[in-house]
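Working notes, beginning with the structure itself.
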Amino acid sequence: MTAQIKNVGKSFGSFRALQQINLDINEGEFVAILGPSGCGKTTLLRLLAGFDSPTSGEVVMKNQVVADEMSFLPPEKRNIGMVFQSFALWPHMNVRDHIRFPLKHHQFLSEDLKKGMDFRVDEVLKMVDMYHLGERMPSELSGGQKQRVALARAIAPKPALLLMDEPLSSLDAELRMSMRKEIQQLHQLTGASIVYVTHDQSEALAMADKIVVMNKGKIEQVGTPKEIYSSPTSPFVASFVGKANLIQGKWEGNVFYPFHQQSIKWDGTAVTEELRRANLFPARPEQLEISFREAGIKGVITNVQYQGKEIHYTVTIKEEQWVIHQDLDDMFSIGEEVYIHLKESQTRTEKKQLHFV
Amino acid sequence: MLQSFVHRVQQQNKWWFLMGALFVVIFFVVPIFRLVFLSFSSEGGLTFENYTSVLQDRSTWKTIENTLYVVVGSSIIAIILGIMTAWVVAYTNIRQKKLIQLFIFLPFIIPSYITTLAWTQFMSKNGFFAHLLSLLPGSLEPLNMYSLHGIIIVMGLSHYPLVYLLTVGVLRKIPRDLEYAARVSGASKWRSFKNITLPLALPGIASGGFLAFIASLDNFGIPAFLGIPGNIRVLSTYIYEQIVGLGPNSFERAATLSVILGFIALTGTFIQWLLLKKSKNNETAVEDKEPRFLFSKRKRLTIELLLWSFLLLTTMVPLISMLSASLIKAYGLPFAPENISLKNYQFVLLENQKAITSLKNSANLAIITTIFCLVIGTGIAYIRTKKPSILSKGLEMIIGIPYALPGTVLALAMIFAWMEPIPGWNPGIYGSIMILLIAYVTRFLILQVRGSITAFMQVDSSIEEAARVSGSNGFFKWKKVLLPLIIPGVISGALLVFLTALTELTVSSLLWSSGTETIGLVIFNFEQAGYSTYSTAFSCIVVLFILLAFFMLAILQKLWDRRVLHHDRTN
């Protein structure tokens with residue numbers, strides 16, 4: 243195991259930024275910490291890096307306690323690499339110097355790397371496709387190139403744990419997509435354990451082996467991207483990751499009666515025990531369907547957003563507003579009275595998936 | 027491994043904390059405490075006697091009245107000039123703004139007693155201004171500078187750069203959309219300025235005004251040069267005369283007056299700090315330097331002409347008058363080719379022993395003060411920016427007190443603290459050059475702390491963190507990453523400390539002794555003794571040196587930008 247967080251809490255004055263955090267980071271694992279701003283995800287990352295110390299609990303790396311409530315090892319004494327949100331490139335050093343710096347100073351460098359420092363610089367530069375720009379200064383690089391240098395600097399000393407603090411959030415949308423691929427490739431190439439902090443659920447779903455969803459300083463759920471997306475165990479995860487509509491009603495076994503209407507039965511085999519106990523059914527926008535067929539839940543279309551491949555509808559049912567994504571086959575317009583059903587096919591495939599899990 | 031490492035760090039931290047606390051208490055807290063203590067003590071023990079006797083004295087009230095006139099009058103001049111210049115530079119499309127800014131800062135860079143000397147020469151009976159007036163019809167006389175309004179004018183002109191500095195930043199940070207929104211809503215240019223821009227800029231302007239107010243209270247050079255000959259006293263010169271006069275109870279009286287003056291100054295500083303904090307609340311992050319008022323060519327030229335004549339008349343012309351006075355063989359002779367010589371320069375640089383010693387003393391003091399401040403101040407700035415806490419905030423505040431206190435007050439506190447650091451034991455610090463060094467370091471340390479804080483603020487914390495996760499926290503982090511990035515800012519702070527210490531007058535005038543004269547003091551003594559030709563010559567040398575130093579700094583910073591930060595290749 244690369245790192246372990248045991249019962250960690252962190253308070254700033256009376257504000258409890260982290261409470262009762264337990265997390266294992268396995269060898270070679272890509273762990274994404276996902277949550278809205280202020281949920282404590284960056285605090286957790288800074289505890290792993292050693293820029294902050296926990297108020298309670300322990301941080302363990304490679305079977306050695308690196309931080310507890312009494313004391314902690316500073317970052318330069320930990321076997322880590324880090325990519326910062328702002329890239330944190332040194333404005334007075336060229337690309338090559340950036341990569342050489344950790345090779346000169348990192349305290350966990352293997353003998354091979356120490357001997358072949360220049361070779362390693364070239365190797366890493368080629369890995370991030372920056373070999374031809376080695377002499378450039380940070381001010382002469384584009385956003386994506388800066389990001390590559392920041393990545394290269396972090397992986398150069400082959401740290402046991404690579405920490406990434408929203409590394410893509412200062413790039414534009416298109417570049418973000420292509421950098422995702424590059425980070426995935428680097429992960430495969432280096433086999434490093436990665437802890438990746440983000441507030442973008444699609445980034446986490448796309449790249450991580452394991453997602454940790456955090457909210458208000460606590461871990462809400464830990465699981466594979468698929469588990470997190472299709473089997474959320476808390477209303478927060480369902481709405482934050484899957485953008486699900488949280489529908490109230492009554493559960494009877496695997497059957498859900500939305501709004502306690504006995505006439506409508508939804509098959510809720512895939513819904514987790516935790517949400518059933520809260521009398522909720524998490525229906526993601528693509529799981530619902532709008533039609534004029536009666537025998538669904540009656541509602542009125544109040545907003546229509548055309549998206550090209552699909553349309554995002556907002557339907558008002560009683561006091562609530564549901565978001566539903568539907569293809570372009572049938573189009574509805576604002577003010578129309580419609581009926582909402584749970585899509586049959588989707589529930590069935592999910593039932594199957596759940597058996598495999 | 028973890029335990030031993032942590033133990034060591036904690037032990038080190040304890041040591042540093044103890045050392046720092048001791049340093050602050052001995053050099054910053056004790057002197058002020060002793061001053062306050064003395065003001066309440068008499069032979070019979072603790073009393074209010076000193077206060078009652080000082081406040082019953084008629085001359086005290088006359089002094090307070092004069093001080094009030096001078097401080098309020100000069101602050102009003104400073105505020106009006108400051109706002110006007112700031113508005114023109116921040117918002118209009120005039121050209122050469124950088125050069126204009128340089129000229130605005132000139133009275134700020136040159137010590138105020140030299141500016142005063144320049145003005146007295148400019149306004150003297152056979153000076154430049156008198157010539158100009160004689161060309162006009164009627165029998166106009168130049169202004170008598172040795173008067174209250176003379177003091178007020180020179181002080182106002184010396185302090186308006188403070189108001190300008192604080193206002194121009196505030197004006198630029200007010201989003202232009204706010205004023206545009208008022209215009210779109212139907213308000214005229216003037217109304218939108220009056221109802222939108224001015225209220226938003228007010229905290230910044232008021233804070234600048236208070237800064238001018240404190241600076242006027244503190245100023246010693248101007249009232250000393252202009253007021254003492256005409257028997258016009260303000261609080262700072264009154265305290266000086268008490269100490270130098272060595273009358274009965276003079277130290278207690280001076281201490282009492284100092285506590286009163288110090289209290290007013292610190293209250294002013296506190297209000298100024300509150301206002302500044304308030305003005306920072308409603309500002310956006312970036313300064314918008316694009317002009318907002320685009321004048322036609324003709325209008326622009328008029329404004330430029332007005333502004334430049336004001337700037338040249340208030341800076342260059344007095345300095346040139348001073349230069350011409352210094353080149354004349356004997357005082358009173360007209361400025362004509364046959365009367366010009368370098369003999370005054372020869373005298374102050376080669377013949378007069380006091381002047382030569384003072385050059386050496388001031389240079390030594392300035393260099394050692396700068397080195398001390400550079401190391402300690404940058405260290406404190408680092409702690410202040412990287413580990414902001416109540417403790418470090420308090421540290422910055424305490425270190426700022428000696429600078430916020432008027433120089434005469436600080437000098438008096440220094441005498442009491444170092445004459446007998448432990449009652450009954452006089453190590454001879456007072457009376458040697460050491461007392462000047464200690465006073466300079468305590469007074470100017472805050473300048474370096476602020477300069478270095480600005481430098482550190484410009485380096486994002488992740489820049490340092492990146493060096494740490496790369497495995498480096500000690501020597502190499504500083505050498506390779508932090509120092510190259512902070513050096514330009516740190517050096518400009520150090521230059522400010524160096525020049526301020528080099529030309530210091532107020533503190534030295536009370537702490538000097540035979541053999542430890544400083545440049546400021548020698549110029550003061552020449553002027554008091556009526557040797558205007560020598561004092562002007564010496565002042566010209568100082569001004570030349572200051573301008574040279576700034577010129578070198580500008581070149582160094584350009585080179586640093588190019589060589590180390592490679593900024594020229596960006597575009």
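Line by line, the protein sequences are chains R and A.
Residue numbering for the first sequence follows the working numbering, starting at 243 and increasing by one per position.
Residue numbering for the second sequence follows the working numbering, starting at 27 and increasing by one per position.
Don't be surprised by glycine CBs; every beta carbon is placed ideally from N, CA and C.
None of these values were measured; they are calculated from a predicted model.
Does DSSP put residue i in a helix, a strand or coil?
i	result
A/K480	As written in the sequence, residue 480 of chain A is Thr, which differs from the Lys given in the question. Helix.
A/G454	coil
R/M419	helix
R/H502	coil
A/L431	coil
R/Y581	strand
R/W508	strand
A/V97	helix
A/Y408	helix
R/E300	strand
A/Y357	coil
R/M324	strand
R/S352	coil
A/M578	helix
R/L405	strand
R/T591	Confidence is the limiting factor: at R/T591 the pLDDT is only 49, short of 50, which leaves the residue's position unreliable and the question unanswerable from this model.
R/K368	helix
R/N487	strand
A/S68	strand
R/K400	coil
Applying the criterion that 16 or more other CB atoms from any shown protein chain within 10 Å of the CB defines a buried residue, is residue i buried or exposed?
i	result
R/T591	For R/T591, the predicted structure reports a pLDDT of 49, less than 50, and the residue's modelled location is therefore unreliable. A value from the coordinates is still provided. Answer is exposed; the Cβ neighbour count stays below 16.
A/F43	exposed
A/G477	buried
R/D360	exposed
A/E278	buried
A/A580	exposed
A/W444	buried
R/W493	buried
R/H597	Low local confidence applies: a pLDDT of 47 at R/H597 is under 50, so the model's placement there is unreliable, with the coordinate-based value given in what follows. Looking at its Cβ environment, which holds fewer than 16 other Cβ atoms inside 10 Å, R/H597 is exposed.
R/K452	buried
A/K505	exposed
R/G577	exposed
For residue i, report the span of its alpha helix (DSSP H) as first-last.
i	result
A/I231	L224 to D244
A/P187	L174 to K199
A/A250	G247 to L252
A/K220	Run containing A/K220: none; DSSP gives neither H nor E here.
R/H340	V337 to H347
How far does the beta strand (DSSP E) with residue i in it reach, from first residue to last?
i	result
R/T544	I539 to Y548
A/Y557	Neither: A/Y557 is in no beta strand (DSSP E) and is coded neither H nor E.
R/I263	F257 to I267
A/A213	That residue, A/A213, is in no beta strand (DSSP E); it is neither H nor E in DSSP.
R/S253	A245 to F254
R/A274	F272 to L276
R/T556	I553 to I559
Short check: CB of residue i to CB of residue j, under 9 Å?
i	j	result
A/P428	A/L471	yes
R/A434	R/L403	yes
A/I109	A/V189	yes
A/I288	R/H348	Reading off the sequence shown, one finds Gly at residue 288 of chain A, where the question assumed Ile. No. Outside cutoff.
A/I120	A/L333	yes
A/V270	A/I231	no
A/L400	A/V523	yes
R/E318	R/A309	no
R/A439	R/L287	Residue 439 of chain R is actually Val in this sequence, not Ala. Result yes, Cβ atoms of R/V439 and R/L287 sit closer than 9 Å.
A/I265	A/A250	no
What do you reckon, is the C-beta of residue i under 8 Å from a heavy atom of the ligand MN?
i	result
R/L428	This structure lacks the ligand MN; in fact it carries no ligand of any kind.
Inset, instruction - Just list the beta strand (DSSP E) runs in the region 430-481 of chain R, keeping only unbroken ones of 3 residues or longer that don't cross its boundaries, in chain order. - result: 435-440, 452-457 and 460-465
Legend entry - Inside the region 514-541 of chain R only - alpha helix (DSSP H) runs reaching at least 4 residues: Fully enclosed alpha helix (DSSP H) runs of 4 or longer: 515-519.
Inset, instruction - At 3 residues or longer, and completely inside the region 108-171 of chain A: list those beta strand (DSSP E) runs for me, N to C. - result: You should have found no qualifying run.
Inset, instruction - Please list the segments of the alpha helix (DSSP H) lying wholly inside the region 279-360 of chain A, counting only runs of 4 or more residues, in order along the chain. - result: 323-337 and 343-352
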